[in-house]
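When you line the sequence shown up against the numbering used here, it's residues 1245 to 1368, in that order. We put the beta carbon where it would ideally sit given N, CA and C, even for glycine.
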Amino acid sequence: MAQKKDYLKELIQHIDIKKHNVVQLVEAMEHMAFSARDLNRASKIYDMMIKDTNCGIILTLAGSIFSAGLKKVVYDMIMNDMVDAIVSTGAIIVDQDFFEALGFKHYKGTKFVDDNELRDLHID
């Protein structure tokens, strides 16, 4: 049977969005379809919101975004006054961010593993 260390090898790395300029990519998505065009439209709306001094921006968070590597993006949005308030599920704040602050880590996984083996090793 595998050991815990056999699964917990590759750490999730939080992306530093400041190292990437995605503006041209998102602008090009205007001429695409489905979610790509939606992302372009959302970026335009968000840009208008930032420029409007009477507009309050509420960032809503749900899902496994911090454990997936997006914590620094949210941090940078806060530090650069890009949001006025945050509404979040408790799982993001407690299960993901708080536990990382205590020194726990998130790791890359695979769907090609027996769930019973992971449970036996106390990996979720």
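Would you mind working out which of the options sits nearest residue i, comparing C-alpha positions?
i     : options                       : result
G1307 : D1325, I1337 and G1300        : I1337
V1270 : T1333, S1287, F1278 and I1261 : S1287
H1258 : K1316, G1347 and D1341        : K1316
I1256 : K1263, K1349, A1280 and T1333 : K1349
E1344 : M1245, K1262 and A1312        : A1312
Can you check whether the CB of residue j is closer than 8 Å to the CB of residue i?
i     : j     : result
L1305 : M1321 : no
G1300 : D1339 : no
Y1351 : L1283 : no
I1367 : K1248 : yes
F1310 : D1291 : no
M1326 : I1289 : no
Using the three-state DSSP reduction, which class does residue i fall into: helix, strand or coil?
i     : result
I1289 : helix
V1270 : helix
V1331 : strand
I1302 : strand
L1283 : helix
L1362 : helix
Nearest-angstrom Cα distance between residue i and residue j?
i     : j     : result
H1275 : R1285 : 11 Å
M1323 : D1260 : 13 Å
D1364 : G1353 : 16 Å
L1362 : T1333 : 25 Å
V1267 : Y1319 : 19 Å
N1298 : F1278 : 31 Å
H1264 : V1357 : 33 Å
Which residues in the same chain as residue i place their Cβ atom closer than 7 Å to its Cβ, once the five residues preceding and following it in sequence are excluded?
i     : result
M1273 : A1280, R1281, L1283 and N1284
Given residue i, which residues of its chain have a CB within under 8 Å of its CB, disregarding the five upstream and five downstream residues?
i     : result
V1331 : I1302, L1303, T1304 and L1305
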